[in-house]
Amino acid sequence: MVMPTNTIVQNYGPPFAVHGDVDNLKFSRQIKEEAIRNGIKKPKGYTVSWHLNPEIERHHFGRSHPMKPWRLTLAKGLITSYGMHYAMDSYVSRKATPEELAEFHTQDYLDYLKTAMPCEPVSYPSHPHNLGGDDCPIFEGLFDYCSMYAGASIDAARKLCNHQSDIAINWSGGLHHAKKSEASGFCYMNDIVLAILQLLRHHPRVLYIDIDVHHGDGVEEAFSSTDRVMTVSFHKYDKDNFFPGTGPLNSTGPEDEHNPGAHHTVNVPLNDGIDDEQYTSLFKTVIQSCVDRFQPSAIVLQCGADSLAGDRLGPFNLQVQGHGACVAFCKSLRLPLLLVGGGGYTPRNLARARPNETSIAIGCDATLNPILPNHTPYRNHFRQTTLFPTPDELLTGRRLNRNTPKRIAEIVASINEELRFVNHAPSVQMQDIPPDLTGLRDEVEDEIRENREDKDEDYRKEKEEAVGVDMEL
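Going left to right, the sequence shown walks through residues 23 to 495 as the working numbering numbers them.
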């Protein structure tokens, strides 16, 4: 069967790159040995899927822009160097279709993104839809870039809906600022909204949680008038001095009590310097209260890594362990879970968070060696050779924690009071999820694998020796 190019799956290579003179087969054996040493294997009783497209990493916002997709290359290299892909069903994501993107974004906005010509960014947006400024420049391949990361999140959500995954991961997604007809904060298309719309076709209620240092304003705005999505955002809040300047504690949804979305917005505004102990305690308390009251049937967790200590744009003191504890808590709730990326502007820090949180998802975090594998691509870029640097190694100086116990207690009390107004389990009329393209995708990928085997005998041998992989990249 001959399929048009880019219809279902992109024909790219394995999810890791071989660098220098390292032999492909030798590199693969090193990875398999690392996986065995770290106890990495398919989790029992549940399935994890990993959705990515290596082409995303080739796009560039501009030399001085803090959003560098190369950070995804570092993260992917470390995940695969540990051999974690052996424990997951891995999928090369397709581009989202125009129809899928139009489920949230306006047609005129999509048309403009598709035809906008690259230009030098200026201080303020020089194009419609908030495009062309320093934050959201127009660069080569912009529309393809957006379509790829959105397609990965949509496919990940469908795997959850079709019970083919229990935890689905798209570390290239999580662009939570994009609006219906406007780019914002380095975000052009809101893959999270598109993924939640897929989940809502099968799940009555979805809980969205955001641990990016910036307020998840785009997702909150998109679902502000429904009682089927509750949005919870933990973020630095300073109305006048920190982007996007939204998300105060008293912002709890529409003021009109007749609006279904009233009381379904939870904002957790934080000050500089919050640490692991304070943050994780607050996170577990708030999320457990939201789950008890809202009773979601699926969770989407945006894992923005700019909340880590030492981030170029973030003022918190979180460590990789504390950030990962939020993922572990959400996993412990035993609900279908979609993990997406987000911010993170110190690449080596983000690249540590992603394998740690992937190890939590697949259940090997307790046996994972924190020393970075010697064969990790770009290992010298991490500076320290451990997955868990100390605060002093991450920071030039620890930020003063301006979150007092009294203020944290006030936040918890205010949220619990607001949650009293949330009705248990709203009744909804369900829609069938659009049929998954699994069968068609498998047929195309069979053809792709055959072509690879013809071209690369070493890759064929590596694939035959692999253990515990349903679909390799």
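For each residue, glycine too, the CB sits at the ideal point set by N, CA and C.
Whole-number beta carbon distance between residue j and residue i, since they are thought to touch under 8 Å
i    : j    : result
Q341 : P276 : No, Q341 and P276 are not in contact; Cβ-Cβ is about 37 Å, not under 8 Å.
Y104 : P395 : 6 Å
I160 : L271 : About 36 Å; that fails the 8 Å criterion.
L441 : S354 : No, L441 and S354 are not in contact; Cβ-Cβ is about 20 Å, not under 8 Å.
A178 : A217 : 7 Å
P88  : L361 : Between L361 and P88 the Cβ distance is about 22 Å, and since that is not below 8 Å, they are no contact.
Closest Cα partner of residue i within the set the options
i    : options                : result
I189 : D213, Y134, L123, M110 : M110
G240 : M139, L357, A205, S169 : A205
I296 : K258, H286, D156, T274 : K258
D232 : T389, I393, L390, G364 : G364
N75  : V215, C158, P91        : P91
E142 : S86, D278, R424        : S86
P411 : L422, G326, R370, N212 : R370
V290 : S319, A244, V235       : V235
N152 : A217, G207, R227, L330 : G207
H73  : S115, N378, H403       : S115
Y18  : G84, C183, Y210, I62   : Outside the displayed range of the chain (23 to 495) lies residue 18, so it cannot be described from this structure.
D333 : K306, S273, R420       : R420
E77  : F49, F165, M106, T398  : F165
D260 : H397, L422, P337, K136 : P337
A331 : P318, D314, D298, S319 : D298
F305 : A350, E279, S273       : A350
I309 : S273, M252, E415, Q52  : M252
P226 : I53, K136, P318, P266  : P318
G267 : T307, G238, E279, H280 : G238
C183 : A200, T368, L219       : L219
Residue i and residue j closer than 8 Å at C-beta
i    : j    : result
L100 : E79  : no
H81  : G163 : yes
N192 : S175 : yes
I214 : Q324 : yes
Y108 : A57  : yes
G534 : D328 : Because the chain in this structure spans residues 23 to 495, residue 534 falls outside the shown range and cannot be described.
L96  : A373 : yes
A244 : F126 : yes
N212 : R424 : no
Q300 : I430 : yes
N60  : N391 : yes
L409 : P377 : yes
F49  : H397 : yes
Beta-carbon proximity list for residue i, same chain, < 6 Å, skipping 5 on both sides
i    : result
T302 : G344, A347
R321 : Strictly speaking, residue 321 in this sequence is Ile, with Arg absent from that position. Excluding residues within five positions, the ones whose Cβ falls inside 6 Å are L229, C352, L357, L359.
E469 : Interpretation of E469 is limited by its pLDDT of 48, a score under 50 that renders its predicted location unreliable; the figure taken from the coordinates is listed afterwards. Within the same chain, E469 has no close Cβ partners at all.
F443 : H285
F256 : I233, V290
T380 : I101, M106
7 Å CB neighbourhood of residue i in its chain, flanking five on each side removed
i    : result
S246 : G275, P276, G283, T287
K181 : S71, S187, A190
L222 : V228, R250
D157 : G207, F208
G173 : S115, R116, K117, A118
H403 : L96, R370
Y400 : L96, G99
R471 : The pLDDT assigned to R471 is 47, lower than 50, so where the model puts this residue is not dependable; a value taken from the coordinates is nonetheless given after this. So no residue of the chain qualifies.
P150 : Y134
V44  : Any reading at V44 needs caution, since the residue's pLDDT is 46, under 50, leaving its predicted position unreliable; the model's value is listed next. Around V44: no qualifying Cβ.
G461 : A caution first: G461 carries a pLDDT of 45, below 50, which makes its placement in the model too unreliable to give a value.
Same chain only: Cβ atoms within 8 Å of residue i, ignoring 5 sequence neighbours per side
i    : result
D130 : S203
N445 : D249
G326 : G196, H198, D232, I233, D234, V235, H236, G363, G364, G365, G366
Short CB-CB distance (under 8 Å) between residue i and chain B
i    : result
Y134 : Reference to chain B is not applicable here, since this structure consists of a single protein chain.
*Below 8 Å, can you find three or more Cβ-Cβ pairs linking the region 53–70 to the region 384–393?*
Enough Cβ pairs lie closer than 8 Å, so yes.
_Can you confirm whether the region 182–197 touches the region 127–147 when touching is taken to mean that 3 or more C-beta pairs between the two stretches lie within less than 8 Å?_
Look at the beta carbons and you see the region 127–147 not touching the region 182–197: under three pairs across the two are nearer than 8 Å.
*asked:* Three Cβ pairs or more, each shorter than 8 Å: is that satisfied between the region 168–175 and the region 113–128?
replied: Segments in contact, yes.
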